[in-house]
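S.K.: Supplied in structure tokens, the structure appears directly below.
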Amino acid sequence: MPMDSVARFLAALSPEDRRTVDAEPREEQERLAAAWERELESDTELDTLDELSPPEAEAEAARRVLDGKDG
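All residue numbers for the sequence shown refer to our numbering, where the first residue is 27 and numbers rise by one.
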């Protein structure tokens with residue numbers, strides 16, 4: 027059974043960031059997961075990384091989304 031985008035996003039995060047995002051309301055988690063999906067789809071550098079290591083590309087996109095949220 028495929029995971030939803032929030033679960034996939036949470037899985038891509040570091041344990042510390044996962045705890046932080048998991049404490050957010052579901053609406054915020056969904057917003058961040060949607061931003062993560064857009065980051066994965068739109069960034070060509072991540073496309074190359076995705077070919078080499080899909081989990082690393084997902085983790086990098088997750089870091090970028092959280093960095094953008096804090097910035």
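In this text, a Cβ means the ideal position worked out from N, Cα and C, and glycines have one as well. None of the values given here were measured: they were computed from a predicted structure.
#1: For residue 58, count neighbouring C-beta atoms within 10 Å of its own C-beta (all shown protein chains included) and say buried if the count is 16 or more, exposed if not.
#2: Is DSSP giving residue 41 helix, strand or coil here?
#3: Using the three-state DSSP reduction, which class does residue 50 fall into: helix, strand or coil?
#4: Excluding five sequence neighbours on each side, which residues of the same chain lie with their C-beta closer than 7 Å to the C-beta of residue 117?
#5: Is it the case that the Cβ atoms of residue 72 and residue 78 are separated by a distance below 8 Å?
M.R.: Reading from the atomic positions:
#1: Position 32 of the sequence shown, counted from the first residue, corresponds to residue 58. Result: buried.
#2: Here residue 41 refers to the residue found at position 15 of the sequence shown. Three-state result, residue 41: helix.
#3: Here residue 50 corresponds to residue number 24 of the sequence shown, with the count starting at 1. For residue 50, the three-state secondary structure derived from DSSP is coil.
#4: The question about residue 117 has no answer, for the chain in this structure spans 27 to 97.
#5: Taking the first residue of the sequence shown as 1, we reach residue 72 at position 46. Taking the first residue of the sequence shown as 1, we reach residue 78 at position 52. Not in contact: residue 72 and residue 78 (Cβ atoms no closer than 8 Å).
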